[in-house]
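Enquirer: Chains as they are written, first to last, in the UniProt record's numbering: chain A, 1 to 193; chain B, 1 to 193; chain C, 1 to 193; chain D, 1 to 193.
Glycine included, each C-beta is placed from N, C-alpha and C at the ideal position.
Starting off with a structure, shown below.
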DNA sequence: AATGAATGAGCCTTCATTCAT
DNA sequence: CATGAATGAAGGCTCATTCAT
């Protein structure tokens, strides 16, 4: 009960202020619990953040897996993964931003490593899908890493230039980066669902 | 005199510890000056960081501009830009990491905006080159943004998986993302210099 | 049932960590009961500690009384008391250390007074034995207080310099302090049992 | 300037409340400086305490050494050391109490070790004087350790039973413990200065 | 131009204790 | 009898910044 309230509050606060600007006071207040309660449920700030990411990621990978398991044609599958990733990024944009960009400075070293491993696992997860989809001959993890970063860049641009591009454009451009090159995005896309 | 010592020290400290973990004490000590001296030359930590980035960026854009102005064929120009960017990223990897990823959390709001604008300017700078190179019909800034992010991702992967991929592979893969799609990196590349 | 488990656990935890470093969580966990249970049996941390000391002391004074009641010659009686005290100190050294040294800092004032009274009672108990043994003309409580402190010092030294002195040496030195002076420990001792 | 104000304040606060009950806030307020100032001059609470003890001890050993160097007859020298020790204990009784009794629980491990070493050094210092005074055949450190502990006990008793014994009595009793045994304190003392 | 002592708001964390069940 | 989730006061510490010199 409290635990969930705290995680919800933490999501909001971390999203709004970023990891460092967020204080345990903020989160406790937002959650409507005493500060001590945070420490009853989580060993510390870093671990609270970690729990948030881990549990969020579990949900996200679950949803992506679902789509992928529907056994679509390869290219379509890739496109689906891209579209879903972008959708989820937009839904949790601030948290996603932290997850992709801010895993570095002042976070507890141990937790930081775990979180980076989590990110690596996510990259491998995407890499596997790419692999199944036909990128046999290359370093799929490297490709996935680049792909997710590019998504991160696109979405960041999208968010900081509101109204300039549509989400669907981003999907297509990302798809183009995989299939035809950014220079040649004119190919017909597989039907979007 | 002092100012340069400080900037050098700041580069080292920020590179090693990231923005937040770096303290003004650290920098002053590393520079061999008193802490007050930092505030004589810079209004605050954020502005010191900003100066570091700004002056570094001026140097970097200068070097890229030089290459570009040699009037190479378009595709070759793109490849040159990519190769140069990656080279510079690797040379100043920690600072580059901060510049691309960490511009968010606890930095002074005003400076943060300026820094983001600086990043935007850099993106526009790359976008212009892409534009000259033939991407007439699309949102070149968006593309440049994605391209730089992907570079950031590749380089990050490269740095955290030492020995697994070579720098040149990254150049080619990035080039492929622009020209043929990550799925089809087998095309002959223009001669590398 | 629970109460005993708690006291046992408390003895272990307090012994190992000292009063302040020991937390109620530690004790509850070690005892295998919930934290609330501690407060069911004892009003608070201080009182739990007090119970531990009080009950331990009852046992100890009992054992000493037994020996003393065997009606030995006076000097022999003193020696017996010394030997027994040292033996008990060594058996419960950490608790003894707390009892003799640490009764001060952050313990609940009321309990602290009770505990100090308990210590005074113990000193009086020893003083009485000294008195029966012949120290008619002097302040026996003062002497007992010094004697126990010296024992505390010897035992502390013994424990922190393992292998350097034997327990029996301590007994003899303490006996000398009472009978002949530390400078002249060469007198024949009464037979040890 | 500030440093001295802090040390003075710390002496007062630690003396009154003991190590654990004393907070850095207390000390800062008492010293009339901001809390941060404490941390400018000392790395932390433990080290502030350590500085206090160390510098106090230096003064004390200096004063004792002075007396001892006056080359008195052996027994008189011992008595002088005893009298001086007791005088100093009384002058700084709370600090002395902490130094002799409370070096254990929640103090920073590293500092604790240093402080214990400091105490050991003081014991050795006293031991050397005993040695020069004729205790050739025995473990002088052990004896010194016991002697100081007994002094601690006497003084503690003296302080908690005001008016019951005079300071000079304590000196004589302690002297007796060294020379004739507690049981026989009736010997004529060397002239007190 | 440079210094460095002093500041103080802000932060994370600990832990004895309470209380509804 | 026993539980364990929740509390909140208290404490140690960090660090960017200021200012008199």
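Closest to residue 107 of chain C by CA distance: which of C:89, C:27, C:21, C:8 is it?
Expert: Position 107 of the third chain, counting from 1, holds the residue named residue 107 of chain C. Comparing Cα positions, the closest option is C:21.
Enquirer: Leaving out five residues before and five after residue 28 of chain B in sequence, what residues of the same chain have Cβ atoms less than 6 Å from its Cβ?
Expert: Walking along the second chain from the start, residue 28 of chain B turns up at place 28. Excluding sequence neighbours, residue 28 of chain B sits near 35, 38.
Enquirer: Is it buried or exposed for residue 141 of chain B, if we count other Cβ within 10 angstroms and need 16 for buried?
Expert: Here residue 141 of chain B refers to the residue found at position 141 of the second chain. Buried.
Enquirer: Determine contact between the stretch 79-96 of chain B and the stretch 148-167 of chain B, defined as no fewer than three beta-carbon pairs at a distance below 8 Å.
Expert: Verdict: yes, contact present.
Enquirer: Kindly indicate which three-state DSSP category residue 38 of chain C falls into: helix, strand or coil?
Expert: On the third chain, residue 38 of chain C is found 38 positions in, with the first residue counted as 1. Residue 38 of chain C falls in the helix class under three-state DSSP.
Enquirer: Using the Cβ count rule (16 or more neighbours within 10 Å means buried), how would you classify residue 197 of chain B?
Expert: Look at the range of chain B in this structure, 1 to 193, and you will see that residue 197 of chain B is not part of it.
Enquirer: Residues in the same chain with beta-carbon distance under 6 Å from residue 193 of chain D, minus the five sequence neighbours each way, listed in chain order, please.
Expert: Taking the first residue of the fourth chain as position 1, residue 193 of chain D is located at position 193. For residue 193 of chain D, the predicted structure reports a pLDDT of 43, less than 50, and the residue's modelled location is therefore unreliable. The matter cannot be settled from this model.
Enquirer: Going by DSSP in three states, residue 89 of chain B sits in which element: helix, strand or coil?
Expert: Sequence index remark: in the second chain, residue 89 of chain B carries index 89 (1-based). Three-state result, residue 89 of chain B: helix.
Enquirer: Should residue 94 of chain B and residue 19 of chain B be called a contact, given that it needs their Cβ atoms to be closer than 8 Å?
Expert: Walking along the second chain from the start, residue 94 of chain B turns up at place 94. Walking along the second chain from the start, residue 19 of chain B turns up at place 19. No, they are not a contact pair.
Enquirer: What residue ranges within the UniProt domain "HTH tetR-type" (1-60) of chain A form continuous alpha helix (DSSP H) runs of no fewer than 4 residues, ordered along the chain?
Expert: Those alpha helix (DSSP H) runs which fall completely within the UniProt domain "HTH tetR-type" (1-60) of chain A and span 4+ residues are 2-21, 24-31, 35-41.
Enquirer: Should residue 99 of chain D be flagged as near chain C, meaning a C-beta pair shorter than 8 Å?
Expert: The sequence position of residue 99 of chain D within the fourth chain is 99, counting from 1. No, because no Cβ of chain C sits closer than 8 Å to the Cβ of residue 99 of chain D.
Enquirer: Are the C-beta of residue 165 of chain A and some C-beta of chain B separated by less than 8 Å?
Expert: One-based indexing of the first chain puts residue 165 of chain A at position 165. Taking Cβ atoms only, chain B reaches closer than 8 Å to residue 165 of chain A, which makes this a yes.
Enquirer: Give me the subset of the stretch 16-39 of chain D whose CB atoms are less than 7 Å from a CB atom of chain C, sorted by chain position.
Expert: So the list reads 18, 19, 20, 21, given in the order they occur along the chain.
Enquirer: Considering only C-alpha positions, which residue in the set A:100, A:122, A:163 is nearest to residue 153 of chain A?
Expert: Locating residue 153 of chain A in the first chain gives position 153, where the first residue counts as 1. The shortest C-alpha separation from residue 153 of chain A is found at A:100.
Enquirer: Once the 5 residues before and after residue 118 of chain A are set aside, which same chain residues still bring their CB inside 7 Å of it?
Expert: Locating residue 118 of chain A in the first chain gives position 118, counting from the first residue. Excluding residues within five positions, the ones whose Cβ falls inside 7 Å are 53, 54, 57.
Enquirer: Counting along the chain, where does the alpha helix (DSSP H) carrying residue 150 of chain B start and finish?
Expert: By one-based count along the second chain, residue 150 of chain B stands at place 150. 140-160 is the span of the alpha helix (DSSP H), which, as asked, contains residue 150 of chain B.
Enquirer: Alpha carbon to alpha carbon, how far is residue 184 of chain D from residue 79 of chain C? Give it in angstroms, no decimals.
Expert: Reading the third chain from its first residue, position 79 is the one you call residue 79 of chain C. Reading the fourth chain from its first residue, position 184 is the one you call residue 184 of chain D. Looking at the two C-alpha atoms, the distance is approximately 16 Å.
Enquirer: Compare the C-beta of residue 11 of chain D against all C-beta atoms of chain C and say whether one is closer than 8 Å.
Expert: As a working note, residue 11 of chain D is residue 11 in the fourth chain. False, the Cβ-Cβ gap to chain C never drops below 8 Å.
Enquirer: If you draw a straight line from the alpha carbon of residue 45 of chain B to that of residue 23 of chain B, how long is it in whole angstroms?
Expert: Translated into the one-based positions of the second chain, residue 45 of chain B becomes position 45. Translated into the one-based positions of the second chain, residue 23 of chain B becomes position 23. Approximately 8 Å between the Cα atoms of the pair.
Enquirer: Assuming contact is defined by CB atoms lying nearer than 8 Å, are residue 150 of chain A and residue 149 of chain B in contact in what I supplied?
Expert: Locating residue 150 of chain A in the first chain gives position 150, where the first residue counts as 1. Locating residue 149 of chain B in the second chain gives position 149, where the first residue counts as 1. Taking 8 Å as the Cβ cut-off, residue 150 of chain A and residue 149 of chain B qualify as a contacting pair.
Enquirer: Going by CA-CA distance only, name the one from A:32, A:178, A:115 that's closest to residue 129 of chain A.
Expert: As a working mapping, residue 129 of chain A is identified with position 129 in the first chain. Ranking the options by Cα distance to residue 129 of chain A, first place goes to A:178.
Enquirer: List the endpoints of the continuous alpha helix (DSSP H) containing residue 123 of chain A.
Expert: Residue 123 of chain A sits at position 123 when you count from the first residue of the first chain. First-last of the alpha helix (DSSP H) with residue 123 of chain A: 109-132.
Enquirer: Quick one: give me the first and last residue of the alpha helix (DSSP H) that residue 171 of chain B is part of.
Expert: Taking the second chain and counting its residues from 1, the one referred to as residue 171 of chain B is at position 171. Element bounds for residue 171 of chain B: 167-179.
Enquirer: If the cut-off is 8 Å on Cβ atoms, which residues from the stretch 139-150 of chain D count as contacting chain C, listed in chain order?
Expert: Within the stretch 139-150 of chain D, the qualifying residues are 139, 141, 142, 143, 145, 146, 147, 148, 149, 150.
Enquirer: If you measure between the beta carbons of residue 143 of chain B and residue 127 of chain B, is that distance less than 8 Å?
Expert: The residue given as residue 143 of chain B occupies position 143 in the second chain. The residue given as residue 127 of chain B occupies position 127 in the second chain. Yes, the Cβ-Cβ distance between residue 143 of chain B and residue 127 of chain B is below 8 Å.
Enquirer: On the criterion of 16 or more Cβ atoms from any shown chain inside 10 Å, does residue 200 of chain C qualify as buried, or is it exposed?
Expert: Here chain C comprises residues numbered 1 to 193, so residue 200 of chain C is not present and cannot be evaluated.
Enquirer: Does any C-beta atom of chain A lie closer than 8 Å to the C-beta of residue 122 of chain B?
Expert: Position 122 of the second chain, counted from the start, is the residue given in the question as residue 122 of chain B. Taking Cβ atoms only, chain A never reaches closer than 8 Å to residue 122 of chain B, which makes this a no.
Enquirer: Assign residue 101 of chain C to one of three DSSP states: helix, strand, or coil.
Expert: Here residue 101 of chain C corresponds to residue number 101 of the third chain, with the count starting at 1. In the structure shown, residue 101 of chain C sits in a helix (DSSP, three-state: H, G or I).
Enquirer: Can you give me the Cβ contacts of residue 16 of chain C inside the same chain, cut-off strictly under 6 Å, excluding the 5 residues immediately before and after it?
Expert: Here residue 16 of chain C refers to the residue found at position 16 of the third chain. Answer for residue 16 of chain C: no residue qualifies.
Enquirer: On the CB-based measure, 16 or more other CB atoms within 10 Å of its CB, does residue 40 of chain B come out buried or exposed?
Expert: Within the second chain, residue 40 of chain B is the residue found at index 40, counting from 1. Label assigned to residue 40 of chain B: exposed.
Enquirer: With 16 as the cutoff for other CB atoms within 10 Å, does residue 83 of chain C come out buried or exposed?
Expert: Locating residue 83 of chain C in the third chain gives position 83, counting from the first residue. With 16 or more other Cβ atoms within 10 Å, it is buried.
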